[in-house]
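Everything on this sheet refers to the single structure shown next.
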Amino acid sequence: MRLPPRTATLAALHLRPEVDVLIVGGGINGVGLLRELALNGVDTLLVDRSDFAAGATAASSRMIHGGLRYLENGEFRLVRESLRERDRLLRLAPHAVGPLPTTIPIFSRWSGFGNAVKRFLGRSTPPSSRGALLIKVGLSLYDLFTARRRVLPTHHFTGRSEALRLRPHLHPGIVCTATYQDAQVALPERLCLDLIADACAVHPAAWALNYCSLIGRDGASVVLRDAPGEREFHVRPRVVVNATGGWIDLANTALGEPTRWIGGTKGSHLVIDHPALLAACRGEQLFYENPDGRVCIFFPVNGRVLVGSTDIRVDSPDTAVCDDREIDYMLESVRTVFPDLRLGREHILSHFCGVRPLTASGDGFTGRISRDHSCRSLPPRADRPWPVHAMIGGKWTTFRAFGEQVADRVLADLGRPRRATSADRPIPGESATGTAHEPDLRRILREEAVVHLDDLLLRRTPIALYERLDAGRLDTLARIAAEELGWSDDHRAAETARAREILASRHGVTLSPPS
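Residue -13 is where the sequence shown starts when you use our numbering, and the numbers rise one by one after that.
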């Protein structure tokens, strides 16, 4: 994978600041749209004020799934679309997306069915546990929606005695378990980079700049700031797409268009180093309910166990971080499944948190807010001759379909026909492992738009979240980065300090002394 050098992109924009489309936001929604437009020959610039995939994209649950629980809300269209896109990613990106067998511990046979019917009819009900009958109905629909293109095995139930034989640590109060199939993406940040690289390779006027901020609007121009170069510049787009996720309202305000379209919730996850828990997973995801009705998960990722997630309203996406209450909540949730496995804070390697860009909603139970996607638009005006389209909601699984839908709207704005689709186009890329060796690190530093040391530690590789990083290893990585990127000793020291602060404050990573 090779991304165009920042210097070349900035030079091209200096010579020709006119672009067909400006995409603000380098998460999976914006990146999927960039690729879709590039396939159709549209000159497009994507910018992100931070690193590519640094927001909710990197903080996902690593699941590529149909959304089993969305069936209770009657969101059949979303589930059908999600399952179709799940199967498509398994086929088009096998280097990054693989099957994820999922087991549900079930503690009753009949509970929750009446409440599910009421919710389906649009009546508000308090959360309630889901029994075997309700889960059977949901899994049967799951299988029915994929019957014409069977990619993964159908679901099955396992009786109590056999389930406890397979997993001796499982809570003895179960009546049975149910197992079905979904998919996972262990390193979502790298798949996001694969998509950027493919877009830039297929169309020479598809550009992507990380650490480039939206400053505001100056007549028909949009003012951007290149942080590494410490300079502002203007571009003149024909269409602007706001794909900033939890920051959509803030970006609209910067463009002089205040909105209140987003009602984000934060989702936090823990990365656990616990060999007995890892073994008890048996290579599968455990998908279950907490007593408050919220769904939680844990499963093996990159040799560790990923536990998630919470669903808490937040006012500012910039301040969202996994807090102590969430940590206690998630640890306790695992104990409801495996009560005799001792699990404590000492087993936590790291944590991460992202903000879901959900549509503003007054629903008191955040789990019922739709995960569907939509595009809201601000038409052009005399002082702003281009429309603004905002990509609201969505999830990792449906990024391609969402990008396709928004691309059709953009192509209509430009008066251009669609000439290509991504529906059957493989996503180029190579299988990535959790540990990168020095030659790989040096290539990444040269070719993948690394600006800061934390880009390397958190998004080009999973070193910081899934390894026990010590001070000596951090210094070695900083030295390698300095050699490849031409950093001075002072710059290297500043990058090391920045990485330490980000790892400690946002990910709970305290470096151990050099080994």
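All residues carry an ideal CB built from backbone N, CA and C; glycine is no exception.
Counting only runs that start and end within the stretch 264 to 302, where is the alpha helix (DSSP H) found for 4 or more residues in a row?
Counting only runs of 4 or more, we get nothing.
Drop a sphere of 10 angstroms on the beta-carbon of P303, count the other beta-carbons inside from all chains shown, and report buried for 16 or more, exposed for fewer.
Looking at its Cβ environment, which holds 16 or more other Cβ atoms inside 10 Å, P303 is buried.
By alpha-carbon positions, which one of S363, I488 and R404 ends up nearest to T245?
Closest by alpha carbon: S363.
Are the beta-carbon atoms belonging to T163 and I90 less than 8 Å from one another?
T163 places its beta carbon less than 8 Å from that of I90.
According to the Cβ coordinates, are V209 and V226 closer than 8 Å?
The Cβ atoms of V209 and V226 lie no closer than 8 Å to each other.
For the beta strand (DSSP E) that contains D304, what are its first and last residues?
Run containing D304: none; DSSP gives neither H nor E here.
Applying the 10 Å Cβ sphere with the 16-neighbour rule, what's the burial state of A(-6)?
So A(-6) counts as exposed.
Cα separation between R445 and G205?
Distance between the alpha carbons of R445 and G205 is about 36 Å.
Taking the beta strand (DSSP E) that R203 falls in, what are its first and last residues?
Unbroken beta strand (DSSP E) run through R203: C198 to D204.
Between A185 and P371, what straight-line distance do the alpha-carbon atoms span, to the nearest angstrom?
Rounded to the nearest angstrom, the gap between the Cα atoms of A185 and P371 is 27 Å.
On the criterion of 16 or more Cβ atoms from any shown chain inside 10 Å, does T383 qualify as buried, or is it exposed?
So T383 counts as buried.
Selection from V392, L256 and G340 that minimises the alpha carbon distance to L329
The option with the nearest alpha carbon to L329 is L256.
Considering S97, what are the terminal residues of the alpha helix (DSSP H) in which it resides?
In this chain, S97 is not harboured by any alpha helix (DSSP H), its DSSP state being neither H nor E.
Would you check if the stretch 75 to 94 and the stretch 113 to 130 touch, i.e. whether three or more CB-CB distances between them fall below 8 Å?
As far as the Cβ criterion goes, the stretch 113 to 130 touches the stretch 75 to 94, which means the pair count is three or higher.
Tell me whether L31 sits in a helix, a strand or coil according to DSSP, three-state version.
L31: strand per DSSP, three-state reduction.
Considering just the uninterrupted stretch of the alpha helix (DSSP H) at L463, what are its terminal residues?
Counting along the chain, the alpha helix (DSSP H) containing L463 begins and ends at A457 to L471.
Taking the straight line between their C-alpha atoms, what separation do you get for D440 and G18?
Each residue's Cα considered, the two are about 24 Å apart.
Straight-line gap, A485 to E469 (C-alpha atoms, nearest Å)
Here the alpha carbon of A485 sits roughly 17 Å from the alpha carbon of E469.
What does the alpha-carbon distance come out to for the pair D456 and S498?
Looking at the two C-alpha atoms, the distance is approximately 5 Å.
If you reduce the DSSP assignment to three classes, tell me which class R21 lands in.
DSSP places R21 in helix when its eight states are reduced to three.
Using 10 angstroms around the beta-carbon of D168, count the other beta-carbons present and answer buried if the total reaches 16, otherwise exposed.
Counting Cβ neighbours within 10 Å, D168 comes out buried, since at least 16 surround it.
Run through the DSSP bridge pairs and tell me what R362 is partnered with.
Beta-bridge pairing links R362 to A376.
With 16 other Cβ atoms within 10 Å as the buried cut-off, status of A479
A479 is exposed by the Cβ-count criterion.
By Cβ distance below 8 Å, which residues in the same chain neighbour R512 in space, the five residues on each side in sequence not counted?
The requested residue 512 does not occur in the structure, where the chain is confined to residues -13 to 501.
With DSSP as the reference, label G145 as helix, strand or coil.
It is a strand residue.
Would you call L130 buried or exposed, if buried means 16 or more other Cβ atoms sit within 10 Å of its Cβ?
When all chains shown are included, L130 counts as exposed.
Terminal residues of the continuous alpha helix (DSSP H) containing I413?
Neither: I413 is in no alpha helix (DSSP H) and is coded neither H nor E.
Please list the terminal residues of the continuous alpha helix (DSSP H) segment that includes P425.
P425 -> alpha helix (DSSP H) spans E424 to E433.
Sorted by chain position, which residues of the same chain lie with C-beta nearer than 6 Å to P412's C-beta, five sequence neighbours on each side aside?
Closer than 6 Å at Cβ, skipping near neighbours: L78.
Can you name the residues that DSSP bridges to T163?
Secondary-structure assignment with DSSP links T163 through a beta bridge to P91 and T144.
Three or more C-beta pairs closer than 8 Å, one from the stretch 265 to 282 and one from the stretch 313 to 330: is that the case here?
Contact holds: three or more Cβ-Cβ distances are below 8 Å.
Would you check whether the ligand COA has a heavy atom nearer than 7 Å to the C-beta of D314?
No copy of the ligand COA occurs in the structure displayed, which carries no ligand at all.
Report yes if the CB atom of D358 is closer than 8 Å to the CB atom of G379, and no otherwise.
Judged by their CB atoms, D358 and G379 are nearer to each other than the 8 Å cut-off.
Selection from H141, F143, H142 and I160 that minimises the alpha carbon distance to L150
Residue I160 holds the alpha-carbon nearest to the alpha-carbon of L150 among H141, F143, H142 and I160.
On a CA-only basis, which of G41, L20, E4 and L8 is nearest T305? Give me that one, please.
Nearest option by C-alpha distance: G41.
With DSSP run on the structure shown, which of helix, strand or coil describes W382?
Three-state DSSP puts W382 in a helix.
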